[in-house]
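Below is one structure, written out as structure tokens, with a few remarks after it.
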Amino acid sequence: MTKMTYREAVRAALRKALRADPRVFLMGEDVGRYGGAFAVSHGLLDEFGPDRIRDTPLSESVFVGAGIGAALGGMRPIVEIMTVNFSMLAMDQILNNAATLRHMSGGQFGVPLVVRVATGGGRQMAAQHSHSLEVWYAHIPGIKVLTPATVSDAYGMLLAALQEPDPVFIFEHATLYPLEGEIDETAGLVDLNRAAVRRAGRDVTLITFGGTLGTTLQAAERLAEEAIDAEVIDLRSLRPLDTSTIVDSVAKTHRAVIVDESWRTGSFAAEVSAQIMELAFDNLDAPVARVCSAEVPMPYAKHLEAATMPQVEGIVNAARSLVPHHG
Amino acid sequence: MAEFPMPQLGADMSAGKLLRWRKAAGDHVQRGDIIADVETDKADIEIEVFTTGVIEKFLVQPGERVPVGTVLAVIREEGKPLTAEELRIMTTAAREPIPAIPEAPAPSIAPTAIRPAVGEARLHISPAARKLAADLGIDPASLAGTGPGGRITLEDVQRAAQAKAAQPAAEVTLDRPARMRQAIAAAMARSKREIPHYYLSTTIDMSRAMAWLTQENLKRTVEDRLVYGVLLLKAVALALRDAPEINSIWAGGKATPVHDIHVGVAISLRGGGLVAPALHNTDRQSLGDLMKSFRDLVQRARAGSLRSSELGDPTITVTSLGEQGVESVFGIIYPPQVALVGFGKVVERPWSVEGQVVSRPLITATLSADHRVSDGHRGGLFLAAVDRKLQEPEKL
Chain L
1 MTKMTYREAV RAALRKALRA DPRVFLMGED VGRYGGAFAV SHGLLDEFGP
51 DRIRDTPLSE SVFVGAGIGA ALGGMRPIVE IMTVNFSMLA MDQILNNAAT
101 LRHMSGGQFG VPLVVRVATG GGRQMAAQHS HSLEVWYAHI PGIKVLTPAT
151 VSDAYGMLLA ALQEPDPVFI FEHATLYPLE GEIDETAGLV DLNRAAVRRA
201 GRDVTLITFG GTLGTTLQAA ERLAEEAIDA EVIDLRSLRP LDTSTIVDSV
251 AKTHRAVIVD ESWRTGSFAA EVSAQIMELA FDNLDAPVAR VCSAEVPMPY
301 AKHLEAATMP QVEGIVNAAR SLVPHHG
Chain P
328 MAEFPMPQLG ADMSAGKLLR WRKAAGDHVQ RGDIIADVET DKADIEIEVF
378 TTGVIEKFLV QPGERVPVGT VLAVIREEGK PLTAEELRIM TTAAREPIPA
428 IPEAPAPSIA PTAIRPAVGE ARLHISPAAR KLAADLGIDP ASLAGTGPGG
478 RITLEDVQRA AQAKAAQPAA EVTLDRPARM RQAIAAAMAR SKREIPHYYL
528 STTIDMSRAM AWLTQENLKR TVEDRLVYGV LLLKAVALAL RDAPEINSIW
578 AGGKATPVHD IHVGVAISLR GGGLVAPALH NTDRQSLGDL MKSFRDLVQR
628 ARAGSLRSSE LGDPTITVTS LGEQGVESVF GIIYPPQVAL VGFGKVVERP
678 WSVEGQVVSR PLITATLSAD HRVSDGHRGG LFLAAVDRKL QEPEKL
């Protein structure tokens with residue numbers, strides 16, 4: 001077991017992949033000489049050279065499209081997009097090419113592309129760098145959407161993504177980069193189809209992913225002080241979605257709160273809520289609750305940004321309202 | 328040999344309790360004799376026998392509650408002892424269990440059973456609690472919700488299940504008014520479920536009838552005086568002679584016209600609820616006899632000593648709510664009858680006669696009829712006939 005930060009875990013996985021497979025290369029804005037906007041690729045240019053650590057122009061459509069072309073051509077490109085807000089510029093390449101080519105070529109062509117995208121708020125980066133738009137990608141069949149929330153998953157899911165024959169999008173919540181955790185470099189590949197129960201409980205299921213896992217675990221501890229035993233599920237993958245772990249948990253607790261940093265309307269929490277209603281209706285003892293971001297562009301001011309995003313208090317209140325004698 | 332069964336005293340009766348035998352074993356009985364008293368959900372009823380012979384044996388003892396059709400006694404022909412085989416059959420007759428109260432159906436997890444009936448208030452209960460209650464056979468409507476907003480939660484069902492397990496299953500006992508309510512509920516719900524009712528209404532000028540009644544009563548002693556209600560009953564009965572579709576019984580998926588006319592009179596009881604016993608051969612009784620029968624019927628209904636034939640025989644029901652100040656009543660047909668006539672109170676109102684507005688005593692007559700059996704045209708002719716009969720009171 002090795003202790004390191006989330007940032008270092010991503011870098012360690014990149015390094016391992018670059019060393020192991022000559023087809024792997026990294027490209028994106030400032031990934032080379034600057035070392036990455038979040039310093040993830042710091043030092044990799046010196047180690048692997050400019051052919052494999054490639055700085056690109058500020059054109060998401062161009063470098064995502066180039067990544068698609070390289071993948072079609074037999075390479076294993078890893079493309080970094082600085083924030084999910086900027087990824088909109090590459091949406092056409094992602095939806096109309098990356099996600100569809102296997103289907104439209106009758107299975108002749110695959111696009112084994114990995115795209116890493118920084119996401120989320122909480123860093124006072126305001127309304128053009130802070131949103132959580134994972135749900136827009138989770139809508140698209142043909143790609144996988146991963147949201148590693150732990151240091152161990154940051155490492156393991158990137159390596160597993162490189163084994164996939166089709167495009168994989170990895171959303172890295174930017175507040176996670178400095179967090180420390182342990183990884184087991186000798187562990188096998190992560191199963192990308194499975195959610196993880198991060199805390200076992202029997203009174204209410206808190207379902208979350210990515211940057212809100214930590215907040216949700218804190219909320220679970222607070223609930224424990226009130227004798228509400230919360231189970232915490234980390235979805236890890238939004239597409240495919242591991243509904244059986246969700247249903248098993250709701251069958252036990254009969255109550256669910258979904259914590260999702262995206263805007264409430266059309267959020268991924270809405271999808272999870274619908275799945276619970278469809279698959280576990282008879283197990284529900286209370287309506288499914290959602291804790292999402294306020295429906296405003298992300299504010300710059302620290303206190304307003306905090307008020308916009310899901311916080312421990314809101315999760316605790318939502319869970320409390322579902323459990324008998326705590327409403 | 329004849330079997331004497333627990334009679335069905337109305338479509339809503341499923342069982343009765345034998346209160347006492349009026350005869351002893353070995354007694355000679357004749358058709359029409361009162362042989363026993365039976366308690367039903369609605370009243371204590373004197374039961375008549377329909378055969379003539381000697382009571383061989385009682386099979387049911389006073390105090391026993393048995394389903395309709397259960398053999399209560401065996402009556403043999405005079406001078407003809409029973410064979411050993413007949414005795415064996417009769418004493419080993421299987422006793423059917425009393426049918427369960429239909430209002431508490433066995434829980435089912437079929438999706439259709441979960442859907443509430445139209446008009447039923449939606450129960451505030453979580454899906455998980457609803458399912459557990461169904462699995463455990465607990466009626467969710469009997470639970471008090473303690474969840475947010477009073478929602479019935481899993482915990483409420485579990486608590487009820489524990490309480491239920493803790494106490495031995497007590498037999499549900501209901502007092503007479505409650506059982507009567509249940510019987511009425513069952514009959515009326517069945518009626519509205521099965522019978523496509525249509526309703527007609529007409530206003531009848533009662534001036535001739537009332538004037539005739541005043542003159543007639545002058546000739547009578549106080550005890551023999553008539554009330555206008557018997558005129559209405561007689562008018563209905565006579566009009567029924569020409570309306571076999573109205574004077575019918577629905578059974579086995581079809582209507583069968585009944586030759587005799589036995590008008591059932593709705594009588595409200597002091598403890599709540601109502602009965603509608605028959606005035607037998609209403610059309611053939613004189614107004615004086617009808618008055619006596621009517622008075623007797625009301626008295627006995629309220630004393631709880633009606634006869635079985637009076638409860639089972641009505642071919643139509645007449646309800647009159649005039650005393651309560653009601654102007655018109657659209658009743659619910661009492662199955663297996665196919666029609667019900669309603670009368671309101673006699674009111675003095677402006678009425679146009681040959682171009683002149685005059686004050687007249689008027690009454691609203693209504694008909695609720697079964698559209699499977701008759702049409703509005705037929706029903707309209709019947710109501711018009713009732714009107715015509717009331718315009719010739721001297722012929723009633």
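Keeping their order, the protein sequence lines are chains L and P.
Residue numbering for the first sequence follows the numbering used here, beginning at 1 and increasing consecutively.
Residue numbering for the second sequence follows the numbering used here, beginning at 328 and increasing consecutively.
Beta carbons: idealized from backbone N, C-alpha and C, even for Gly.
Treat the numbers as computed from the prediction; the structure is a model and nothing was measured.
Interface flag for S635 (chain P) against chain L is unset, since no Cβ pair is found closer than 8 Å. For the pair M277 (chain L) and A126 (chain L), the CB atoms are not nearer than the 8 Å cut-off.
At least one CB of chain P lies nearer than 8 Å to the CB of D282 (chain L).
Considering only beta carbons, the part of the segment 460 to 493 of chain P lying closer than 9 Å to chain L consists of T473, G474, P475, G476, R478, T480, L481, E482 and D483, in chain order. With a contact defined as Cβ atoms closer than 8 Å, T265 (chain L) and A195 (chain L) miss out at about 24 Å. By the Cβ neighbour-count rule, S518 (chain P) is buried, with 16 or more other Cβ atoms within 10 Å of its own. DSSP lists no beta-bridge partner residue for E60 (chain L). DSSP, read as helix, strand or coil, puts D569 (chain P) in coil. Taking the Cβ atoms as the reference, A456 (chain P) lies roughly 5 Å from L481 (chain P), within the contact range of under 8 Å. Put simply, the CB of A256 (chain L) is far from chain P, with every gap to its CB atoms at 8 Å or more. At a beta-carbon threshold of 7 Å, the residues of chain P lying near D285 (chain L) are S453, A455, A456, T480 and L481, ordered along the chain. Contact annotation: E172 (chain L) and T119 (chain L) have beta-carbon atoms nearer than 8 Å. Spanning the alpha carbons of I68 (chain L) and L113 (chain L) requires a straight line of approximately 6 Å. By the 16-neighbour rule on beta-carbons within 10 angstroms, H355 (chain P) is exposed. Membership of Q485 (chain P) in the alpha helix (DSSP H) is indicated by the continuous run L481 to A493.
Among the residues facing chain P, P324 (chain L) is included, as its CB has a counterpart in that chain under 8 Å away.
Cβ-Cβ distances below 8 Å link D242 (chain L) to N193, R194, A195, L235 and R236 in the same chain, with the five nearest sequence neighbours on each side left out; the list follows chain order. With a 10 Å radius around the Cβ and a threshold of 16 neighbouring Cβ atoms, G28 (chain L) comes out buried.
Close CB contacts of R676 (chain P) within its chain, under the 6 Å cut and outside five residues either way in sequence, are with L689 (chain order). By the CB criterion at 8 Å, T644 (chain P) and N574 (chain P) fall outside the cutoff. With contact defined as three or more Cβ pairs closer than 8 Å, the segment 364 to 384 of chain P and the segment 517 to 537 of chain P are not in contact. Within 9 Å of the CB of S249 (chain L), no CB atom of chain P is found; the nearest one sits about 14 Å away. Here the alpha carbons of L44 (chain L) and K3 (chain L) stand approximately 20 Å from one another. Between the alpha carbons of D714 (chain P) and S534 (chain P) lies a gap of roughly 12 Å. By the criterion of a C-beta distance shorter than 6 Å, P167 (chain L) is surrounded in its chain by A98, V111, L113 and I143, once the five residues flanking it on both sides are discounted. The beta-bridge partner set that DSSP reports for S469 (chain P) is empty.
By the CB criterion at 8 Å, V557 (chain P) and F621 (chain P) fall inside the cutoff.
Interface residue (Cβ-Cβ distance to chain P less than 8 Å): S321 (chain L) is classified as such. Secondary structure of Q311 (chain L) (DSSP, three-state): coil. As a beta-bridge residue in DSSP terms, Y526 (chain P) pairs with P:S695. Under the three-state reduction of DSSP output, E8 (chain L) falls in the helix class. By the neighbour-count definition (other C-beta atoms within 10 Å, threshold 16), F331 (chain P) is a buried residue. The DSSP assignment places complete beta strand (DSSP E) segments of no fewer than 3 residues inside the segment 180 to 204 of chain L at 180 to 183 and 196 to 199, in order along the chain. Beyond the five residues adjoining it in sequence on each side, A71 (chain L) comes within less than 6 Å, by CB distance, of P77, V111, P112 and L113 in the same chain, given in chain order. In this structure, D360 (chain P) sits away from E373 (chain P), with a CB-CB distance that is not shorter than 8 Å.
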